[in-house]
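This is the structure we're talking about:
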């Protein structure tokens, strides 16, 4: 699985206090499941909650949340795309410690696609990257039909 390692690396790069104390960061995958169909290939999707635990954190909470959101935008953008995902795809809780630090637990609903294909009587599997986001929508101001300008407008 690629995403837990990728997120761990991103957090260690983005948060100096975690980089200085990487043992305070742990990631756990639990209750994952496989989504597959009876399609011709055995391709499937791993779906799992990833729990990120940060112990004895003394920075501002946003110093942790913002890098996670930035990582999600590239690696699990659907967490930000719909009502169910935006309320359940990224959850967190925090416990204050007596020394002023706190323990933070984040949970992300992640997926990873695996392509499986057969070649020369052998099965091959390959983890696939997250699909690229759609290109920004342009807003043309002219309509051509059969090469002829039929309409022009301004916003």
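Residue numbers (the working numbering): 55 to 209. Don't be surprised by glycine CBs; every beta carbon is placed ideally from N, CA and C. These numbers come from a predicted model, not from an experiment.
- Between residue 109 and residue 150, the C-beta spacing is not below 8 Å.
- Its chain contains 99 and 182 as the residues whose beta carbon lies nearer than 6 Å to that of residue 167, once the 5 sequence neighbours on both sides are disregarded; these appear in chain order.
- Sixteen is the threshold: when 16 or more other Cβ atoms of the shown chains lie within 10 Å of the Cβ of residue 130, as they do, the residue is buried.
- The beta carbons of residue 117 and residue 69 sit closer together than 8 Å.
- Listed in chain order, the non-local C-beta contacts of residue 96 below 6 Å within the same chain comprise 170, local neighbours out to five positions each way being set aside.
- Residue environment for residue 154: exposed (fewer than 16 other C-beta atoms within 10 angstroms of its C-beta).
- Apart from the 5 residues on each side of it in sequence, residue 165 sits with its Cβ closer than 6 Å to the Cβ of 99 and 101 in its chain, given in chain order.
- In this structure, DSSP gives residue 62 a helical state, which the three-state scheme calls helix.
- Residues of the same chain with a CB within less than 7 Å of the CB of residue 76, apart from the 5 flanking positions on each side, are 66 in chain order.
- Assignment of residue 134 by DSSP, reduced to helix, strand and coil, places it in the helix class.
- Here the C-alpha atom of residue 94 lies approximately 31 Å from the C-alpha atom of residue 189.
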